[in-house]
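S.K.: Count along the sequence shown from 1, then add 666; that gives the number in my numbering. Quick one: this structure, given as structure tokens, is what I'll be asking you about.
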Amino acid sequence: MANNLFKFVFFVLPFLVVIFPTYYSTPTGPKNAGELPVSNEGIQLGKRLEECDELNILIQDAVDWAHTVSLVYRVPEHRERSDVVEIMPFALFPSPFPRRLFEEAQAVQKTLQLLYFRVSRDYSFLKETHREAGETDDGLRRVLDILDDVNKNGVKKSITLILQRSDYMCHVNSETGEYELKQVDP
Numbered sequence: 667m668a669n670n671l672f673k674f675v676f677f678v679l680p681f682l683v684v685i686f687p688t689y690y691s692t693p694t695g696p697k698n699a700g701e702l703p704v705s706n707e708g709i710q711l712g713k714r715l716e717e718c719d720e721l722n723i724l725i726q727d728a729v730d731w732a733h734t735v736s737l738v739y740r741v742p743e744h745r746e747r748s749d750v751v752e753i754m755p756f757a758l759f760p761s762p763f764p765r766r767l768f769e770e771a772q773a774v775q776k777t778l779q780l781l782y783f784r785v786s787r788d789y790s791f792l793k794e795t796h797r798e799a800g801e802t803d804d805g806l807r808r809v810l811d812i813l814d815d816v817n818k819n820g821v822k823k824s825i826t827l828i829l830q831r832s833d834y835m836c837h838v839n840s841e842t843g844e845y846e847l848k849q850v851d852p
């Protein structure tokens with residue numbers, strides 16, 4: 667499942683975004699300090715989307731692909747049946763996101779990556795922090811065993827790769843009405 671999600675995020679989504687022309691929608695409506703809107707409200711469409719043959723074909727292809735790669739889940743009403751499923755939610759196109767907030771998120775990444783790197787090298791902190799959870803979680807226990815092994819034998823490679831992601835959303839402050847950057851917690 668994780669492999670299919672990886673393929674979807676890194677291969678299919680960029681393909682879908684590139685292949686579908688962007689002229690079907692033109693962002694309009696209220697601006698916040700000259701930024702694009704952060705919702706699809708107020709977007710004026712050049713054509714009614716229901717009448718757009720290319721979009722309907724794209725939607726059907728995406729739905730077929732989602733079924734093919736098991737991007738589905740069993741519906742609660744029929745948990746016992748594997749032939750009754752719903753497609754997991756996904757987006758075909760990106761949503762507008764204010765440039766100022768995007769740049770703010772970019773600006774903190776170097777510091778966050780350094781923090782993650784330093785924490786990943788702090789054996790005693792990692793061991794103590796995950797000790798209790800490792801006693802009951804088999805997957806985490808295996809990761810902690812690998813950590814013990816690396817700590818005992820030393821790091822063999824001179825280069826380290828850290829794969830890390832930070833998800834952000836655009837939040838509208840209810841008091842000021844201004845856009846704010848919020849990190850999405852897992």
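For each residue, glycine too, the CB sits at the ideal point set by N, CA and C.
1) Quick check on DSSP: helix, strand or coil for Ala699?
2) Counting C-beta neighbours from all protein chains within 10 Å, is the total for Pro778 16 or more, i.e. buried, or is it exposed?
3) In the stretch 785-810, which residue ranges form an unbroken alpha helix (DSSP H) of at least 4 residues, counting only runs that do not cross its ends?
4) For Tyr834, list the residues DSSP reports as bridge partners.
5) Does DSSP put Val735 in a helix, in a strand, or in coil?
6) Apart from the five residues on each side of it in sequence, which residues of its chain come closer than 6 Å, Cβ to Cβ, to Lys776?
7) What are the boundary residues of the beta strand (DSSP E) that includes Pro753?
8) Using three-state DSSP, classify Arg660 as helix, strand or coil.
M.R.: Taking the structure as given:
1) Stepping through the sequence shown from its first residue, residue 699 is reached at position 33. Because the pLDDT of Ala699 is 44, which lies under 50, any placement of that residue in the model is unreliable, and the number read from its coordinates should be weighed accordingly. Shown here, Ala699 sits in coil according to DSSP, grouped into three states, outside any helix or strand.
2) Reading the sequence shown from its first residue, position 112 is the one you call residue 778. Per the sequence presented here, residue 778 reads as Leu, with Pro not at that position. By the neighbour-count rule (16 or more Cβ atoms within 10 Å), Leu778 is not buried but exposed.
3) With a minimum length of 4 residues, the unbroken runs of alpha helix (DSSP H) contained wholly in the stretch 785-810 fall at 789-802.
4) For the purposes of this step, residue 834 is taken as the residue at position 168 of the sequence shown. Gln849.
5) For the purposes of this step, residue 735 is taken as residue 69 along the sequence shown, with counting starting at 1. Coil at Val735, not helix or strand.
6) On the sequence shown, residue 776 is found 110 positions in, with the first residue counted as 1. Excluding positions up to five away in sequence, the list is empty.
7) Locating residue 753 in the sequence shown gives position 87, where the first residue counts as 1. According to the sequence as given, residue 753 is Ile; it is not Pro. Element bounds for Ile753: 751-753.
8) Beyond the ends of the chain as shown, which are 667 and 852, falls residue 660; an answer cannot be given.
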